[in-house]
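Residue numbers (our numbering): 8 to 150.
The beta-carbon is built from N, C-alpha and C at its ideal position, and this holds for glycine as well.
Quantities reported herein were computed from a predicted structural model and do not represent experimental measurements.
Single-structure report; data block below.
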Ligand SMILES: [Fe+2]
Ligand SMILES: [Fe+2]
């Protein structure tokens, strides 16, 4: 379970985004750490919660990328779409089979998310931070 813990290594420097990442991590950890068969309804409710958290999170990132005209936004949004589709499939499978949520599949999703934060999210966060910094300088210079 240690590999599922949130650590400050994953911070991208945008507080609202960091908070959402942590909430997603906590939700995944709670599903993976929970019982498999006997508490199926709880796990299913948590997967639905996870889908809601992801939807909110991706919407926030995508709107910030558009606001700042981030040049790699198309690729980034496609990564979100693919991940969202995978988690939807996972939720549907578990609801259809009535066999609980696959912890193995969620571990794979968790690993994907960690890599996404450490590469793609860091990249747009750095771009946003530079844009804000340069924008601030430009305004000062224009005085
Ligand atoms: Fe993210
Ligand atoms: Fe992202």
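| Query | Result |
| --- | --- |
| Measure the C-alpha to C-alpha separation of residue 71 and residue 61 and round it to an integer number of angstroms. | 15 angstroms |
| Relative to ligand 1, is the shortest distance from any of its heavy atoms to the C-beta of residue 96 smaller than 6 angstroms? | no |
| Relative to ligand 1, is the shortest distance from any of its heavy atoms to the C-beta of residue 128 smaller than 6 angstroms? | yes |
| Ignore the nearest five residues each way along the sequence and tell me which others in residue 141's own chain have a CB closer than 6 angstroms to its CB. | none |
| Closer than 6 angstroms: is that where the CB of residue 68 sits relative to any heavy atom of ligand 2? | yes |
| Look up residue 12 in the DSSP assignment and say whether it is helix, strand or coil. | coil |
| Between the C-alpha atoms of residue 23 and residue 132, what's the straight-line distance to the nearest angstrom? | 12 angstroms |
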